[in-house]
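J.: Residue numbers (the working numbering), protein chains in the order written: chain Y, -14 to 213; chain P, 541 to 783.
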Amino acid sequence: MLFPSRLFPTPIEVGINLVNLAVNGKLIPDLGKTLYRATIAFLVAMTLGTAIGIALGRSRTADRLFSTWIVVGLNVPAIVVAIVLYIWLGLTEFALILAVVLNKLPLVIATIREGVRSFDPAYDELGRAFRMPFARRLRLVFLPQLMPFVLAAARTGLSLIWKIVLVFEVLGSDGGVGFRISVFFQFFDIKGILAYTTAFILVVFVFEYLALRPLERRILRWRQGRTA
Amino acid sequence: MSTGPRLQIEVDGKQFDPAAAPLFDGFRLTVEPSSVVALVGPSGVGKSTLLRMVGGIDQTFAGTVLVDDVPAASAPPAGFVFQDARLLPWLTASDNIRAVRPETTEAEAAALLMRVGLAGFEHYYPHELSGGMQRRVALARAFSVNPRLLLLDEPFVSLDRTLVAEMEQVLLTLIDTSQPTALLVTHLPEDAAALADRAVVLAGRPVRVVADYRFETSPGHRSRVEREHIANQIAAAATGVAA
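1. In the stretch 621 to 633 of chain P, which residues sit with their C-beta less than 8 angstroms from some C-beta in chain Y, listed in chain order?
2. Based on DSSP bridge pairs, tell me the residues matched to Leu690/P.
3. Pull out every residue of the stretch 113 to 135 of chain Y whose Cβ sits closer than 8 angstroms to any Cβ of chain P, in chain order.
4. Could you spell out the range, first to last residue, of the beta strand (DSSP E) harbouring Ala612/P?
5. Looking at the structure shown, is Leu699/P part of a helix, part of a strand, or coil, going by DSSP?
6. Between which residues of its own chain and Gly592/P is the CB-CB distance below 6 angstroms, once the five residues before and five after are set aside?
7. Name the residue from Thr604/P, Tyr665/P, Pro545/P whose alpha carbon lies nearest to the alpha carbon of Pro573/P.
8. Could you work out which residue in Val8/Y, Pro(-11)/Y, Ile146/Y, Leu187/Y is closest to Leu81/Y when comparing CA atoms only?
9. Tell me which same chain residues have a C-beta within less than 6 angstroms of the C-beta of Gln130/Y, skipping the five on either side of it?
10. On the criterion of 16 or more Cβ atoms from any shown chain inside 10 Å, does Arg701/P qualify as buried, or is it exposed?
11. What's the C-alpha gap between Ala120/Y and Leu6/Y?
12. CB Pro666/P to CB Leu714/P, shorter than 7 angstroms?
13. Within the stretch 134 to 208 of chain Y, note down every full alpha helix (DSSP H) run reaching 4 residues or more, in order along the chain.
14. Is the CB of Ala783/P under 7 angstroms away from at least one CB in chain Y?
15. Against Ala107/Y, what residues of chain P qualify as contacts under a CB-to-CB distance less than 8 angstroms, listed in chain order?
16. Which residue wins for smallest C-alpha separation from His761/P, given the options Gly744/P, Leu735/P, Gln555/P, Arg754/P?
17. Whole angstroms are fine: how far does the CA of Leu111/Y sit from the CA of Gly827/P?
18. So, with DSSP's three-state summary, where would you put Glu648/P?
19. Please list the terminal residues of the continuous alpha helix (DSSP H) segment that includes Gln599/P.
20. Would you check if the distance between the CB atom of Leu143/Y and the CB atom of Pro91/Y is smaller than 7 angstroms?
21. Could you tell me the alpha carbon to alpha carbon distance between Leu33/Y and Lys89/Y, rounded to whole angstroms?
22. In whole angstroms, what separates the C-alpha of Val39/Y from that of Leu136/Y?
23. From Ala733/P to Val551/P, what distance separates their C-alpha atoms?
24. Contact criterion: CB-CB distance below 7 angstroms. Does Leu111/Y meet it with respect to chain P?
25. Buried or exposed: which applies to Asn9/Y, given that a residue is buried once 16 or more other Cβ atoms fall within 10 Å of its Cβ?
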């Protein structure tokens, strides 16, 4: 055999292993842990990032003060942030989630800031001419202009989170998909690694097709069929 | 039948650039209730700024603009029609009308759309409508906010002449049934000749009234010859200043 079967298992073997790990192993709790971390980090980063992004987009002074830090944040290697936080805060759940948040935050801020800057002043004038109160302007004028950027930030941010949360779990955690894969790595258990990866991809697909895409379709409905 | 408000415009001073001559200095204009007044003049003369003062959008000037004896900023919002349709692209035609005045019911919005010739288009998004149709939605929106005072800022710019004629017809019908006070800012004497009872020709810096024409025949009943005569009259006044 040119490819030893232990290192190149067939899809069927991986499938059987996947079921086995789900029923008898720790696959479900591991997935749960990783999803929990990713969800918290995602929500915190999106909320904070959107708020800061709006502030930087609206205020030139704030932007001048912080834009350098955004550039630093966008480009600092993810692993450095994680290691530094693990040293300072210990190998804790909090340090892990904070590291993910800090890695994603600059991306969200930069995207939202661009969104706010692209707001059309013509709509501000429309609001003033018809004396639209602030709450209504927020709902009907600002948010719809911002939504495509929030969705873009969510999409790029989510893919980034999937990637780094596993790396940080390898680096230091007591469970989760990344942690388990690093254990498999020590035993060269490629079947386990592929089974976990498959399970993880399945979760991502579910999220993509049952949450993200329907949400996008709903929010951006008005752009459908638009040729411009 | 309701009538439009009287406008008393007294702008003592307004300037954008402190180094240049002021845009307004002791400018006076009174508009009688339910009259349609065209403000004609070259671009940059201050027509649009004046319209924004009456609309209460621009409040940074010395002087007073009274709408029925109430300062413009505290008066009920005017029905403003911009140079572009300026519809919110994420809202349907009906929702665009209701966005600026939530008290408008869906039925009222539909009725307004019918008056501008868009019956059945309530649930179309702006990108599904032609340019001319979008302008008509904007007109219906302005009318829903305030059928007594219309402020039109070059509403026909970048429309071809057939569409302009169509818009003018819609506008004449609206004006005829509701008798609003209307200010029409335009650089084309033809627009004034088609719609206005009175044309005020503006020029100079600071801006002043160089000609003030009141026309006998109502705009809807003017023949082509009369309209051309009026347009020539206005054009002559405008170029007379420039020369």
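Cβ atoms here follow ideal geometry from the backbone N, Cα and C, with glycine treated the same way.
T.: With the given structure in hand:
1. Phe622, Asp624, Arg626, Leu628, Pro629, Trp630, Leu631
2. Gly619/P, Ala722/P
3. Arg113, Ala114, Phe115, Arg116, Met117, Arg121, Leu125, Val126, Pro129
4. Taken as a continuous stretch (DSSP letters only), Ala612/P belongs to no beta strand (DSSP E), as it is neither H nor E.
5. coil
6. Looking at the sequence provided, one finds Arg at residue 592/P rather than Gly. Result list for Arg592/P: Asp598, in chain order.
7. Pro545/P
8. Ile146/Y
9. Phe104
10. exposed
11. 51 angstroms
12. no
13. 162 to 171, 175 to 192, 198 to 204
14. The predicted model places Ala783/P with a pLDDT of 46, which falls under 50 and marks its position as unreliable; any figure quoted below should be read in that light. It does not: the Cβ of Ala783/P has no partner Cβ on chain Y nearer than 7 angstroms.
15. Phe622, Asp624, Arg626
16. Leu735/P
17. The structure shown does not extend to residue 827/P, since chain P is modelled only from 541 to 783, so the question has no answer here.
18. helix
19. Unbroken run through Gln599/P: none, as it is neither H nor E.
20. no
21. 10 angstroms
22. Note on identity: in this sequence residue 39/Y is Ile, with Val being the wrong assignment. Looking at the two C-alpha atoms, the distance is approximately 15 angstroms.
23. 27 angstroms
24. yes
25. exposed
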